[in-house]
Amino acid sequence: MSEGRLRHILSISGGKDSAALAIYMRDKVPEMEYVFCDTEKELSETYEYLARIEAFLGKSITVLKHDGRGFDHWLNVFGGYLPASNMRWCTKYLKLKPFEKYVGEAPVISYVGIRADEDREGYISKKPNIKAVYPFKEDGLCYHDIERILEETGIGMPGYRKWRSRSGCYFCFFQQKIEWVGLLEHHPELFRLASGYEKTDQATGRRFTWCDNESLEELSRPERVAAIKAEYGARTARSVGTGSRLCDLLQDQEESSPCLVCTL
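Each position in the sequence shown, counted from 1, maps to that position plus 526 in my numbering.
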């Protein structure tokens, strides 16, 4: 690590795990710095949740943006090319780079909210001065512990958890179809704005959409919404008796894993 004062930083995404970790570490590391990388395209529930967390911590959460710019700027930089699972420029330029710029070159311990009941890694920066630690893993805390922490402090779960499994941009391409339906029903204006980003290249006929092989305009048709709900209902029924939670069903996706820096 580079020389300098050791800093302790916890990045809060607006998700339940990073929120619970911030609460868990508040008194253990009083000098902790809390940050949130803002894409300017988050759900209103996310911003409300951050305000509740900030009030409990009694300390400001520093808002970070790469070069002070949000999603629309970087979309223009990338020629209108929508981010996708194989081209995650949004994670790099809206989450990772602003965090690394804020960190600088001093030695830093980065606290990551991966739980003991998860088999995954969380931090993807390769900067040598950043050391990632996983307090929940180290202390054996699992999903029910995170629920308990949030309930006991009165923070609770994020409001979007009633219809969406993770934090992140309202148009995140990792959403399942049922979550897009949730956006349509809970935030119709945001659904309309998300649809406005989709386009067709007139020269090639290639479609740029958030979902594979389906535009949001097509997804929003009443018959398609009904079909998506029916399929999700059937999946839910098959899971009865297995102990599956709503979040488990929503996270059961065939796509590659979402960006943890966005969703923890």
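Where a beta carbon is used, it is the ideal one built from N, C-alpha and C, also for glycine.
Neighbourhood of residue i by C-beta distance below 6 Å, restricted to the same chain and skipping five residues each side
i           : result
residue 546 : 672, 675 and 676
residue 660 : 638 and 640
residue 657 : 635
residue 535 : 559, 634 and 636
residue 750 : none
residue 732 : none
residue 602 : none
residue 616 : 609
Whether residue i touches residue j by CB criterion (7 Å)
i           : j           : result
residue 574 : residue 597 : no
residue 690 : residue 708 : yes
residue 532 : residue 624 : no
residue 746 : residue 716 : no
residue 684 : residue 571 : yes
residue 679 : residue 549 : yes
Distance between beta carbons of residue j and residue i, contact taken as under 8 Å
i           : j           : result
residue 663 : residue 642 : 5 Å
residue 604 : residue 681 : Their Cβ separation, rounded to whole angstroms, is 36 Å, which puts residue 604 and residue 681 out of contact at 8 Å.
residue 721 : residue 705 : About 15 Å; that fails the 8 Å criterion.
residue 741 : residue 757 : Wrong, their Cβ atoms sit about 18 Å apart, outside the cutoff.
residue 628 : residue 600 : Between residue 600 and residue 628 the Cβ distance is about 17 Å, and since that is not below 8 Å, they are no contact.
Start-to-end residues for the beta strand (DSSP E) that takes in residue i
i           : result
residue 557 : Taken as a continuous stretch (DSSP letters only), residue 557 belongs to no beta strand (DSSP E), as it is neither H nor E.
residue 545 : Here residue 545 belongs to no beta strand (DSSP E); instead the alpha helix (DSSP H) covers 542 to 551.
residue 538 : First-last for residue 538: undefined, no H or E at that position.
residue 573 : No beta strand (DSSP E) contains residue 573, which is instead part of the alpha helix (DSSP H) from 570 to 583.
residue 657 : 656 to 659
residue 821 : Since the first residue shown for the chain is 527 and the last is 790, residue 821 is missing from the structure and cannot be characterised.
residue 588 : 587 to 590
Cβ neighbours of residue i in the same chain (closer than 8 Å, five flanking residues each side left out)
i           : result
residue 562 : 537, 538, 539, 540, 576, 587, 588, 589 and 590
residue 568 : 540, 693, 694, 695 and 696
residue 530 : 631, 632 and 633
residue 781 : Confidence in residue 781 is poor, its pLDDT being 41 and thus under 50, which makes the residue's placement too unreliable to answer from.
residue 779 : Its pLDDT being 43, under 50, residue 779 is placed unreliably in this model, and the coordinates cannot settle the point.
residue 665 : 642
residue 748 : none
residue 606 : 725 and 734
First and last residue of the uninterrupted alpha helix (DSSP H) at residue i
i           : result
residue 747 : Here residue 747 belongs to no alpha helix (DSSP H), and DSSP marks it neither H nor E.
residue 636 : Run containing residue 636: none in the alpha helix (DSSP H); it sits in the beta strand (DSSP E), 634 to 637.
residue 681 : Run containing residue 681: none; DSSP gives neither H nor E here.
residue 709 : 703 to 712
residue 624 : 623 to 629
Close beta carbons around residue i, own chain, < 7 Å, minus the five adjacent residues each side
i           : result
residue 626 : 651 and 653
residue 754 : 703, 704 and 707
residue 729 : none
residue 580 : 586 and 587
residue 669 : 641 and 643
residue 712 : 689
residue 551 : 536, 558, 637 and 661
Heavy atom of the ligand FMN within 6 Å of residue i beta-carbon
i           : result
residue 534 : This structure simply doesn't include the ligand FMN, nor any ligand for that matter.
Specify whether the stretch 683 to 700 and the stretch 604 to 617 touch according to this definition: at least 3 beta carbon pairs, one from each stretch, less than 8 Å apart.
yes
Touching by the beta-carbon criterion (3+ pairs, under 8 Å), the stretch 725 to 741 and the stretch 756 to 766
no
Between the stretch 645 to 664 and the stretch 557 to 566, can you find at least three pairs of beta-carbon atoms closer than 8 Å?
no
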